[in-house]
Each structure stands twice: as C-alpha cells, then as structure tokens.
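Report on the structure given below.
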Amino acid sequence: MQLELSEEDEAFRAQMREFFTTQVPEEIRTAVIEGRELTKEQMVRSAQILNDAGLAVPHWPEEHGGRGWSDLERHLWFEEMQAAGVPAPLAFNASMIGPVLAHFGTEEQKREFLPRTASLEIWWSQGFSEPDAGSDLASLRTSAVRDGDDWVVNGQKTWTTLGQHGDWIFTLVRTDPEVKKQAGISMLLIDMTSPGVEVRPIQLIDGGHEVNEVWFTDVRVPARNLVGELNGGWTIAKFLLGNERVGVAPVGATKRTLAHAKELAADVVAEDPLLRARIAELENELLALELTALRVAAHSTGGEPHPASSVLKLKGSELQQAVSELVVDLAGPGSLASGAGDDSDLEGWARRATPVYLNLRKASIYGGSNEVQRQIISRTILGL
Amino acid sequence: MDFTYDDEQVALRDAVRGLVGRTYADFETRRRAVAEDPGFDEKLWTRMAEMGLLGLPFAEEDGGVGAGPVEIGIVCREIGRVVAPEPFLTSVVLAGGLVSACGTPEQRQEVLGALSAGESVLAFAHDEPGRRWGPTAEAVTATEGGGSWSLTGVKEPVPHGARADVLVVSAALPGGGTGLFLVAGDDADRSGYAAYDGSRAARVRLDGTAATPLGHPGQDVTSSIATVQDITRVMAANQALGAMQVALRSTTDYLKSRKQFGVTLNTFQALTFRAADMYVSQELTHSMVEWATMVVAQGDPAALADAASRAALQVSRGGRHIGQEAIQLHGGIGMTAEYAVGTYVAHLTMLDHLLGEGGFQLRRLASDVTGHGALDPLA
Numbered sequence: 001m002q003l004e005l006s007e008e009d010e011a012f013r014a015q016m017r018e019f020f021t022t023q024v025p026e027e028i029r030t031a032v033i034e035g036r037e038l039t040k041e042q043m044v045r046s047a048q049i050l051n052d053a054g055l056a057v058p059h060w061p062e063e064h065g066g067r068g069w070s071d072l073e074r075h076l077w078f079e080e081m082q083a084a085g086v087p088a089p090l091a092f093n094a095s096m097i098g099p100v101l102a103h104f105g106t107e108e109q110k111r112e113f114l115p116r117t118a119s120l121e122i123w124w125s126q127g128f129s130e131p132d133a134g135s136d137l138a139s140l141r142t143s144a145v146r147d148g149d150d151w152v153v154n155g156q157k158t159w160t161t162l163g164q165h166g167d168w169i170f171t172l173v174r175t176d177p178e179v180k181k182q183a184g185i186s187m188l189l190i191d192m193t194s195p196g197v198e199v200r201p202i203q204l205i206d207g208g209h210e211v212n213e214v215w216f217t218d219v220r221v222p223a224r225n226l227v228g229e230l231n232g233g234w235t236i237a238k239f240l241l242g243n244e245r246v247g248v249a250p251v252g253a254t255k256r257t258l259a260h261a262k263e264l265a266a267d268v269v270a271e272d273p274l275l276r277a278r279i280a281e282l283e284n285e286l287l288a289l290e291l292t293a294l295r296v297a298a299h300s301t302g303g304e305p306h307p308a309s310s311v312l313k314l315k316g317s318e319l320q321q322a323v324s325e326l327v328v329d330l331a332g333p334g335s336l337a338s339g340a341g342d343d344s345d346l347e348g349w350a351r352r353a354t355p356v357y358l359n360l361r362k363a364s365i366y367g368g369s370n371e372v373q374r375q376i377i378s379r380t381i382l383g384l
Numbered sequence: 385m386d387f388t389y390d391d392e393q394v395a396l397r398d399a400v401r402g403l404v405g406r407t408y409a410d411f412e413t414r415r416r417a418v419a420e421d422p423g424f425d426e427k428l429w430t431r432m433a434e435m436g437l438l439g440l441p442f443a444e445e446d447g448g449v450g451a452g453p454v455e456i457g458i459v460c461r462e463i464g465r466v467v468a469p470e471p472f473l474t475s476v477v478l479a480g481g482l483v484s485a486c487g488t489p490e491q492r493q494e495v496l497g498a499l500s501a502g503e504s505v506l507a508f509a510h511d512e513p514g515r516r517w518g519p520t521a522e523a524v525t526a527t528e529g530g531g532s533w534s535l536t537g538v539k540e541p542v543p544h545g546a547r548a549d550v551l552v553v554s555a556a557l558p559g560g561g562t563g564l565f566l567v568a569g570d571d572a573d574r575s576g577y578a579a580y581d582g583s584r585a586a587r588v589r590l591d592g593t594a595a596t597p598l599g600h601p602g603q604d605v606t607s608s609i610a611t612v613q614d615i616t617r618v619m620a621a622n623q624a625l626g627a628m629q630v631a632l633r634s635t636t637d638y639l640k641s642r643k644q645f646g647v648t649l650n651t652f653q654a655l656t657f658r659a660a661d662m663y664v665s666q667e668l669t670h671s672m673v674e675w676a677t678m679v680v681a682q683g684d685p686a687a688l689a690d691a692a693s694r695a696a697l698q699v700s701r702g703g704r705h706i707g708q709e710a711i712q713l714h715g716g717i718g719m720t721a722e723y724a725v726g727t728y729v730a731h732l733t734m735l736d737h738l739l740g741e742g743g744f745q746l747r748r749l750a751s752d753v754t755g756h757g758a759l760d761p762l763a
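Chains as they are written, first to last, in the numbering used here: chain A, 1 to 384; chain B, 385 to 763.
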C-alpha cells in the first residue's frame with residue numbers, strides 16, 4: 001500500500017500537464033473550460049496537435065501509433081487532459097473504430113484508415129442505434145443485400161452524434177434476416193458522401209444540434225468495406241462497447257467544472273451554507289470516484305478490468321449530472337437567459353448552465369444506460 | 385500508487401481471520417459473548433494479545449510492535465467482518481493511542497505494556513452528556529492541590545467504561561484547555577450497560593477522584609486528542625467497511641436462496657438493482673478507506689484531519705445505505721436478533737456515531753469549501 005506515485009509516474013504526470021497546458025491553444029482550452037461549443041476546426045486542430053506528439057491514441061497497438069502505456073499512465077494522461085481543458089480525442093475515432101480496425105480490419109483497411117483516423121482527417125460517425133433498437137441493439141433492421149461487388153444498404157440510424165461533421169460512418173447492418181438476431185449482423189464502413197446517404201438533424205431539449213438521423217436509401221458500399229467476418233458484427237459490437245466503458249467516467253472534467261463554478265459563484269457560495277454543503281458533498285463523492293478509478297487503473301491485469309470498473313460509468317455519469325444541476329442553481333435567475341447573446345449583462349457561464357444541464361441528461365442513457373450497468377453489476381459481479 | 389497488501393500484510397490478515405474470524409464464524413457465538421458482562425470474550429482478548437495484536441500500534445520500547453496504520457486497519461476490517469465485540473478500536477486504537485501520544489516514557493511503558501500483554505483494558509472517558517463530538521472537555525474539571533490532581537464531573541457514554549482497568553479521562557484544566565488524566569477504574573463511580581449492538585458503555589462519575597496527569601501536568605493537549613480521534617475515525621472506517629462487505633454478501637446470498645411466489649428473489653429486478661447500488665456504495669467506500677489509511681501513514685495532522693472527515697462522511701453515507709437496504713432486502717428475518725444482518729446494521733450505526741456522523745463531518749468540510757480548488761488525491 002502506497003499513496004504516492006512512483007518517481008517515473010510523477011514525472012510522466014508532470015510531462016503530460018506541461019504539454020497539455022502549453023501546446024494546445026488557449027482559446028480552445030478556454031472554450032472547453034467555459035463550456036462553450038467547439039467548432040469542428042477547433043476539434044480537428046486539437047486532435048492534430050495531440051497526434052503529432054503521439055498523444056492522440058496511446059492505447060492503440062504500438063504498430064499503429066499506440067504507446068504501450070500502463071493503465072495508470074493512461075489514467076494520468078486522460079485526467080491531465082481534462083484538467084487542462086483539452087478536448088478528449090473524438091471517441092468514435094480513438095476509442096471505437098480505431099481499436100476495431102486494428103483488431104478486426106484487413107491490412108488494406110488498416111493502411112487506408114488508421115493513420116487518418118488517429119489524426120482526425122477522417123471524422124467517424126457511429127451507425128448503431130435505430131428507432132427500434134436502443135439498449136436492445138441486436139434488434140436493428142437496417143439491411144445490407146449483396147449485389148455483385150457491392151452491398152446495397154437500406155434503413156435508418158438515429159442518435160448519430162455529430163453526424164453533421166461525419167466523413168465516414170461505421171454501421172451495423174443486418175446481413176442475414178433468417179437467423180437468431182445477434183447472428184445476422186455485420187459491420188460496414190460507409191462513405192457518407194455516397195449517393196443515398198442523408199443526414200437529418202434532431203433538435204434536442206438544450207436547443208442545440210448534436211445528434212442526427214442518418215437515412216440510407218439504396219446506398220452502394222464496396223464489399224471490401226466489410227469489417228471482419230460476414231455476420232460477425234455482434235462480436236465486433238461487443239468488443240467496441242467494452243472499450244466504450246473505459247474512460248467513460250469523466251472525473252477530471254467534472255472536478256474542473258465544480259472547481260470553476262465555485263470560483264465563478266464565489267459570492268453566492270459565501271453567503272449560503274446549504275450550497276457549501278452540497279459542494280462539499282459532491283467533492284467528496286468525486287474524490288471517492290477518482291480513487292476508485294485509480295484503484296481500477298492500478299490493478300487491471302491482463303486486459304481484464306477490475307470488477308469495480310462497472311461503478312465508474314454509473315457513478316461518473318450521476319456526478320456529472322449532479323454538478324451540472326448545481327451550476328444551474330448557482331446561476332440562479334440568470335440561468336433563464338439561455339437565448340441571450342453576448343450583449344447580455346449576464347455572465348456566459350450562467351447563460352449556458354441550463355442547456356448544459358439538460359444536455360447532460362444523456363450521460364446516464366448512452367454508453368450502456370445506467371440500468372444496463374446495474375444489470376451488469378448484479379449479474380456478473382454479484383451473481384444475482 | 386499501490387492499493388494492494390504486501391505478503392506480510394496478507395499473512396497478518398489471514399492470521400487475524402484465522403483467530404477472530406474463526407471464533408465468531410457462527411453468529412450464535414457472538415450472541416453468547418455479548419449476552420453477559422463484560423460483553424466480549426476475555427479468552428479471545430488474551431489470544432489477541434499473544435498474537436501481538438493489542439500492541440500493534442505502539443513503539444517497541446513501550447512494549448508494542450510498532451506496526452503502521454495499514455496493519456491496524458487490517459485488524460479493524462477483520463473485526464468488522466464478524467462484528468467481533470472485543471474493544472480493539474476503543475481500548476487499543478483510541479485510549480492506547482492517547483497514552484502513546486501524550487504519556488511520559490514511564491507511563492507509556494507501564495500502561496501500554498500492560499495493554500499490549502492483555503493484562504489491562506483501557507477506556508477513553510471523554511463524551512459528556514449534552515455535548516456533541518469534539519476534542520475538548522468542559523463538564524469534567526481538573527483541580528490541583530498540594531501537587532496532586534483530582535477530577536469532578538460526569539462522563540457518559542464511556543465505551544467499555546465499566547470493565548476498564550484504567551480510564552484515560554479528559555478534563556477542563558484550571559488554566560484553560562483540555563488535559564488528559566489516568567484514573568484507576570475502581571476509583572470511579574461506574575454503572576455499565578449494553579449498547580444496541582451488544583457493545584458496552586458506562587456512566588462514569590468523578591467526585592474529587594484522584595487522577596494522574598498524562599504527560600506534562602497542566603498541559604493543553606487538545607490537538608493531540610484531535611489527531612488520535614482522527615486516526616480512530618479512519619480505523620473505525622476500516623471496521624465499518626468490513627461490516628458493509630459482509631452485510632452486502634449476506635444480502636446477495638439471501639436473494640439467491642430465498643424463494644417467494646415459487647422463485648428465488650434474485651429473479652426480481654426491483655431487488656437486484658438495489659443490490660447493485662449497494663455494491664456501488666461499497667466500492668466507493670472501499671477506495672476512500674484505503675486512501676485515508678495511507679494518509680495516516682504520511683503523518684501530517686492537517687492532511688489526516690481532512691482525510692478522516694472525508695472517509696467518515698463516505699462511510700456514514702455508504703454504511704447507512706448498505707445497512708438499511710440489507711435489512712429491507714432480507715425482509716422480516718432481517719429484523720430479528722437471531723439473524724446476523726441486523727446486528728451489522730446496529731454496529732455500523734454505532735461506529736457512525738462514535739466520533740461524528742456524516743452531517744458533523746460535512747459541516748467540517750463545508751466550512752472550508754472555498755479554501756481550495758479541485759481536490760487532488762495525488763498531490
């Protein structure tokens with residue numbers, strides 16, 4: 001039992017902090033810290049700076065740009081990145097399709113896609129959920145029928161986050177409707193500029209445009225864009241979703257938001273003991289979560305996550321939501337002014353507080369809803 | 385950064401489990417032990433002394449073993465797992481810790497030597513009727529006359545105060561501040577009783593009772609008392625964690641075996657989801673307890689005070705959640721004295737209120753909420 005980081009890990013942490021706080025442009029980091037929406041250009045610029053320094057995809061296999069770091073090093077990398085306000089690498093690229101192609105892809109696919117996936121030259125979208133296939137993903141109906149050297153895709157995907165920026169979409173399609181639903185699914189890589197692909201925005205309760213519907217009408221996809229085995233898509237989806245839960249507890253970002261809010265609303269906090277108690281309670285819960293993340297990172301062996309890792313998504317999303325809720329309360333009546341422009345007399349953080357709060361209701365739904373997490377805990381950990 | 389035990393610590397855990405855990409493997413044995421005074425098994429206490437457990441925290445020159453907080457935490461956690469009624473926490477960690485922190489070399493050798501050998505039970509007589517938790521004394525006052533000291537006032541509740549051979553008593557000093565004194569147990573007017581978890585407490589009345597100053601006579605030792613209380617908070621958190629782990633385990637075992645409507649209870653998602661939330665509480669508490677134990681080892685009193693409050697707050701929240709749900713998910717059987725889980729909940733409640741429950745800790749933490757930025761456990 002030892003609290004301190006080893007000298008090497010301490011040096012590693014300092015190096016990460018130095019890089020993130022000096023090499024990523026301040027205007028990008030300030031936008032993140034103040035909760036403003038980033039442009040696509042800002043996201044790409046930040047990703048390229050990270051990629052040029054070998055810090056975009058450290059968890060990938062080393063021959064594709066990975067660094068062979070320990071789980072603790074990855075944890076420190078991710079926490080320092082969030083603390084500095086550096087936007088996390090786009091999950092669809094870095095955590096989802098990249099590891100999938102490195103593991104299941106053909107040599108040609110790896111060559112063609114992986115370098116540009118790491119650098120965000122290709123912006124990937126995720127084509128998984130459908131109107132009738134949410135948590136029950138295997139019920140998906142978008143079909144792909146073989147015609148010569150192509151697959152012909154028809155159907156509709158939904159909740160496609162940032163699909164408006166997407167260049168390519170990795171898509172689960174039904175390639176065999178006759179078998180058990182999990183056994184007839186494949187994964188295709190689809191160029192979003194193909195004829196027949198249409199992206200339609202979905203307006204959300206926060207007033208923003210973050211997610212989309214993606215419609216496929218007789219879209220022709222070259223057969224070489226099949227990932228892995230025909231009808232082996234479910235195995236790939238499980239591999240991908242297993243990776244999705246890693247790093248899904250944004251402890252560093254939530255801590256940063258809470259510390260920032262304390263500062264911005266210092267006058268309100270100073271005069272209200274109940275707000276101080278709420279802050280103290282949230283800080284304590286965040287500390288317990290961060291220590292749990294450290295326990296998991298320090299002791300995940302042989303690729304098997306520590307059992308406590310399932311706690312991270314569940315509690316991490318709850319705390320992310322609770323902090324956003326506190327920020328709305330700190331903003332007080334000013335929180336109503338979400339539609340005000342920059343000529344408003346109210347501060348930007350107060351005007352953005354409610355849209356952020358409403359937007360973050362998503363956190364307990366995506367990445368395996370929190371009810372799915374409870375199911376995982378009760379079945380696989382508690383044996384119930 | 386390392387959250388695992390080394391080989392010696394694993395061996396210690398196994399040895400304590402082999403002695404204390406095996407003694408109370410059957411819950412009936414514990415029920416018998418707490419049914420009669422002194423409310424614990426004196427033979428087991430002696431065997432714990434022989435194993436070196438009662439001298440674990442104390443320096444070798446004082447008759448102890450000189451082990452660190454991780455080792456003491458291991459003993460507390462194993463005690464918590466079987467809710468063993470032996471007064472390790474209050475007699476060794478708390479009362480012994482005060483003697484170790486404040487006593488003269490002679491006092492340490494004499495008092496801690498006897499405690500380590502299992503020849504003497506200590507109790508810290510500190511709480512006073514009508515007062516909340518804290519490191520100071522008010523109602524019991526110390527007077528000096530002709531080079532000797534005496535104490536007057538009432539201490540209650542004093543954990544294991546009726547059985548104790550030696551009382552460590554806190555008292556308001558004539559010149560201000562709080563001092564510590566040693567009083568022979570038999571010199572005080574004591575009436576003992578059982579607490580709801582089977583542990584023992586007492587009312588201790590002092591009326592011009594002869595007392596020996598612990599350490600330098602007349603010295604205000606408020607800060608030493610506070611630090612030993614903080615260490616004890618962390619060790620109580622270890623003990624509570626052990627109890628929580630078993631309460632959850634007992635609950636999941638029950639859900640898998642108990643049948644209603646022709647099926648086992650684990651077929652009802654309304655129940656299994658609640659068990660999953662208990663697991664979340666357990667793991668968050670586990671992480672916090674390990675961390676706080678390691679902060680004790682660093683030896684910085686200010687960092688310790690902060691970590692003790694944080695761990696105690698998490699343990700209070702987690703312990704109540706797990707305890708209350710454990711009874712609910714068991715149903716009526718969880719209400720009975722015969723079945724273990726209710727006693728675990730009672731014991732968690734006692735530990736929560738020994739040195740300050742969650743709300744008390746939260747007030748400490750909330751008073752300084754603007755004095756720091758984001759918390760960094762690795763700083």
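Every residue, glycine too, gets a C-beta built ideally from N, C-alpha and C.
Is the separation between the beta-carbon of residue i and that of residue j shorter than 9 angstroms?
| i | j | result |
| --- | --- | --- |
| VAL459 (chain B) | GLY480 (chain B) | no |
| LEU396 (chain B) | LEU428 (chain B) | no |
| ALA546 (chain B) | VAL524 (chain B) | no |
| LEU735 (chain B) | GLN623 (chain B) | yes |
| ASP561 (chain B) | THR520 (chain B) | Residue 561 (chain B) is actually Gly in this sequence, not Asp. Closer than 9 angstroms, so yes. |
| ASP206 (chain A) | THR354 (chain A) | yes |
| GLY599 (chain B) | GLN491 (chain B) | yes |
| THR488 (chain B) | GLY592 (chain B) | no |
| SER125 (chain A) | LEU162 (chain A) | yes |
| VAL214 (chain A) | ILE169 (chain A) | yes |
| GLY423 (chain B) | ALA578 (chain B) | yes |
| PRO453 (chain B) | ALA681 (chain B) | yes |
| ALA446 (chain B) | SER534 (chain B) | Ala is not the amino acid found at residue 446 (chain B); the sequence shown has Asp there. Contact flag unset, no. |
| PRO115 (chain A) | GLY65 (chain A) | yes |
Could you spell out the range, first to last residue, of the beta strand (DSSP E) harbouring residue i?
| i | result |
| --- | --- |
| ASP150 (chain A) | 150 to 157 |
| LYS539 (chain B) | 532 to 543 |
| SER575 (chain B) | 573 to 578 |
| ASN212 (chain A) | 211 to 222 |
| ALA595 (chain B) | 584 to 597 |
| ARG200 (chain A) | 197 to 202 |
| ASP147 (chain A) | 143 to 147 |
| GLU528 (chain B) | 525 to 529 |
| THR171 (chain A) | 168 to 174 |
For residue i, does the count of other Cβ atoms within 10 angstroms reach 16, so buried, or fall short, so exposed?
| i | result |
| --- | --- |
| GLN712 (chain B) | exposed |
| GLY35 (chain A) | buried |
| SER532 (chain B) | exposed |
| ILE97 (chain A) | buried |
| GLN2 (chain A) | exposed |
| ARG701 (chain B) | buried |
| LYS238 (chain A) | exposed |
| GLN613 (chain B) | buried |
| LEU90 (chain A) | buried |
| MET344 (chain B) | Because chain B is modelled from 385 through 763, residue 344 (chain B) falls outside the range shown and cannot be assessed. |
What is the C-beta distance between residue i and residue j, in whole angstroms, given that I count them as a contact (C-beta under 8 angstroms)?
| i | j | result |
| --- | --- | --- |
| LEU319 (chain A) | LEU282 (chain A) | 7 angstroms |
| ALA144 (chain A) | LEU101 (chain A) | In fact, because the Cβ distance is near 18 angstroms, the residues do not count as touching under 8 angstroms. |
| LEU590 (chain B) | GLY537 (chain B) | 6 angstroms |
| GLU130 (chain A) | ARG141 (chain A) | 6 angstroms |
| VAL505 (chain B) | GLY563 (chain B) | So it is not a contact: roughly 22 angstroms between Cβ atoms. |
| ALA758 (chain B) | LYS255 (chain A) | 4 angstroms |
| MET662 (chain B) | HIS705 (chain B) | 7 angstroms |
*Mind listing which residues of the region 351 to 378 of chain A have their C-beta closer than 7 angstroms to chain B's C-betas, in chain order?*
ARG374, ILE377, SER378
*According to a CB-to-CB cut-off of less than 7 angstroms, which residues of the region 637 to 653 of chain B neighbour chain A?*
LEU639, LYS640, ASN650
*Cβ-based contacts, 8 angstroms cut-off: residues of the region 682 to 712 of chain B near chain A*: GLN682, ARG694, LEU697, GLN698
_Residues in the region 283 to 301 of chain A having any Cβ partner in chain B nearer than 8 angstroms_ = GLU283, ASN284, GLU285, LEU286, LEU287, ALA288, LEU289, GLU290, LEU291, THR292, LEU294, ARG295, ALA298, HIS299
*Where the region 413 to 428 of chain B meets chain A: residues whose CB sits under 8 angstroms from a CB there*: none
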